[in-house]
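Protein chains in written order, with the numbering used here: chain V, 1 to 107; chain Y, 108 to 220.
Just so it is clear, CB atoms sit at the ideal spot from N, CA and C, and this is done for glycine as well.
One structure is given below, encoded as structure tokens.
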Amino acid sequence: GQNIDQPTEMTATEGAIVQINCTYQTSGFNGLFWYQQHAGEAPTFLSYNVLDGLEEKGRFSSFLSRSKGYSYLLLKELQMKDSASYLCAVGDSTLTFGKGTMLLVSP
Amino acid sequence: KAGVTQTPRYLIKTRGQQVTLSCSPISGHRSVSWYQQTPGQGLQFLFEYFSETQRNKGNFPGRFSGRQFSNSRSEMNVSTLELGDSALYLCASSLGLTTDTQYFGPGTRLTVL
Chain V
1 GQNIDQPTEM TATEGAIVQI NCTYQTSGFN GLFWYQQHAG EAPTFLSYNV
51 LDGLEEKGRF SSFLSRSKGY SYLLLKELQM KDSASYLCAV GDSTLTFGKG
101 TMLLVSP
Chain Y
108 KAGVTQTPRY LIKTRGQQVT LSCSPISGHR SVSWYQQTPG QGLQFLFEYF
158 SETQRNKGNF PGRFSGRQFS NSRSEMNVST LELGDSALYL CASSLGLTTD
208 TQYFGPGTRL TVL
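Written as structure tokens, this is what we have:
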């Protein structure tokens with residue numbers, strides 16, 4: 001089976017940096033995905049890690065350690081529009097999602 | 108390229124009824140997955156179809172079923188609706204490999220009264 005843990009909520013201020021952690025225990029692993037979901041909207045793809053290390057894409061970076069069953073999403077230079085739910089998902093034969101981290105960015 | 112589309116966007120049904128939801132994947136995508144999203148349980152996998160065959164199934168009762176057509180469009184059906192079936196139903200399409208990124212449609216908001 002799959003077990004994926006993320007913090008339920010986080011708050012941060014505009015312009016700051018925030019790190020959203022995700023730990024997982026899974027029977028199989030084909031990669032780890034991060035999605036962003038604004039209220040009332042569909043999840044949108046942010047990043048994919050299959051090898052250990054850091055993947056950087058603009059203001060967003062994602063890190064993976066397969067041996068530790070750990071990933072994080074790093075958001076820099078936070079903007080108000082980054083207020084959303086961030087979903088960690090582990091790929092195996094299917095995609096299993098964590099329950100998401102609601103990030104609130106305040107001015 | 109057009110994104111994933113789902114119809115209808117909103118649906119209100121009563122207990123005991125059945126419902127059919129439709130999903131059109133991104134052109135060229137052969138895999139369609141369905142998810143149920145609720146505030147308490149988050150996104151839960153229902154099933155995945157690839158080339159008209161169910162490739163994987165989540166832990167949901169048999170009242171939940173689906174199918175995929177030769178043009179990759181997919182439908183899911185829920186029979187004998189229960190109050191607990193109220194949720195956002197999302198479909199996602201991908202090229203077909205398990206490592207491929209899934210792209211989500213806007214969802215169908217189902218309310219069961």
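Any Cβ of chain Y within less than 7 Å of the Cβ of V:G58?
-> By one-based count along the first sequence, residue 58 of chain V stands at place 58. No, because no Cβ of chain Y sits closer than 7 Å to the Cβ of V:G58.
Anyone know if the C-beta pair for Y:Y210 and Y:V126 falls short of 7 Å? Mapped onto the second sequence, residue 210 of chain Y falls at position 103. Mapped onto the second sequence, residue 126 of chain Y falls at position 19. No, Cβ-Cβ distance for Y:Y210 and Y:V126 is not below 7 Å.
Review point. Are the segment 111-120 of chain Y and the segment 54-61 of chain V in contact at 8 Å, needing three or more beta carbon pairs?
Key: no
Problem set entry | Length at least 3, wholly inside the segment 130-175 of chain Y: the beta strand (DSSP E) runs in chain order | 138-145, 149-157, 160-164 and 171-175
CB of Y:G214 within 7 Å of CB of Y:L202, strictly: For the purposes of this step, residue 214 of chain Y is taken as the residue at position 107 of the second sequence. For the purposes of this step, residue 202 of chain Y is taken as the residue at position 95 of the second sequence. Going by C-beta atoms, Y:G214 is not nearer than 7 Å to Y:L202.
Q.
Please report the distance separating the alpha-carbon of V:L74 from that of V:D92.
A. Indexing the first sequence from 1 puts residue 74 of chain V at position 74. Indexing the first sequence from 1 puts residue 92 of chain V at position 92. Their backbone Cα atoms lie some 24 Å apart in a straight line.
What do you get for Y:H276, buried or exposed, if any count of 16 or more other CB atoms within 10 angstroms of its CB means buried? Because chain Y spans 108 through 220 in this model, residue 276 of chain Y falls outside it and cannot be assessed.
message = I'd like the ranges of any beta strand (DSSP E) spanning at least 3 consecutive residues and lying wholly in the segment 27-58 of chain V.
response = 31-37, 44-49 and 53-57
Return the first residue and the last residue of the beta strand (DSSP E) that V:S2 is part of.
-> The sequence position of residue 2 of chain V within the first sequence is 2, counting from 1. With the sequence shown as reference, residue 2 of chain V is identified as Gln, and Ser is not the correct amino acid for it. Looking at the DSSP string, the run of the beta strand (DSSP E) that includes V:Q2 is Q2 to D5.
Cα-Cα, which of Y:V185, Y:S193 and Y:Q175 is closest to Y:G169? Taking the second sequence and counting its residues from 1, one reaches residue 169 of chain Y at position 62. Ranking the options by Cα distance to Y:G169, first place goes to Y:V185.
For V:Q37, count the other beta carbons within 10 Å of its own beta carbon; 16 or more makes it buried, fewer makes it exposed. Which is it? Translated into positions along the first sequence, residue 37 of chain V becomes position 37. Buried is the call here.
- Is it right to say Y:M183 is buried, meaning 16 or more other beta carbons lie within 10 angstroms of its own, or is it exposed? Position 76 of the second sequence holds residue 183 of chain Y. It is buried - the Cβ of Y:M183 has at least 16 other Cβ atoms within 10 Å.
Out of V:R59, V:F63 and V:N3, which one is the CA nearest neighbour of V:G28? Position 28 of the first sequence holds residue 28 of chain V. Of the candidates V:R59, V:F63 and V:N3, the one whose C-alpha sits nearest the C-alpha of V:G28 is V:N3.
Tell me which residue opens and which closes the beta strand (DSSP E) that V:S85 is part of. By 1-based counting over the first sequence, the position of residue 85 of chain V is 85. Unbroken beta strand (DSSP E) run through V:S85: A84 to G91.
**Asked** Should V:S93 be flagged as near chain Y, meaning a C-beta pair shorter than 7 Å?
**Response** Position 93 of the first sequence, counted from the start, is the residue given in the question as residue 93 of chain V. Chain Y, which has a Cβ nearer than 7 Å to the Cβ of V:S93, makes this yes.
Those residues which DSSP pairs with Y:S200 across a bridge: The sequence position of residue 200 of chain Y within the second sequence is 93, counting from 1. In the DSSP output, where bridge partners are listed per residue, Y:S200 has Y:V139 and Y:Y210.
Check your understanding: Straight-line CA distance for V:S61 to V:F45?
Key -> For the purposes of this step, residue 61 of chain V is taken as residue 61 along the first sequence, with counting starting at 1. For the purposes of this step, residue 45 of chain V is taken as residue 45 along the first sequence, with counting starting at 1. Taking the straight line joining both Cα atoms gives about 13 Å.
- prompt: Counting only beta-carbon atoms, is Y:N163 nearer than 7 Å to chain V?
  reply: Within the second sequence, residue 163 of chain Y is the residue found at index 56, counting from 1. So, interface residue.
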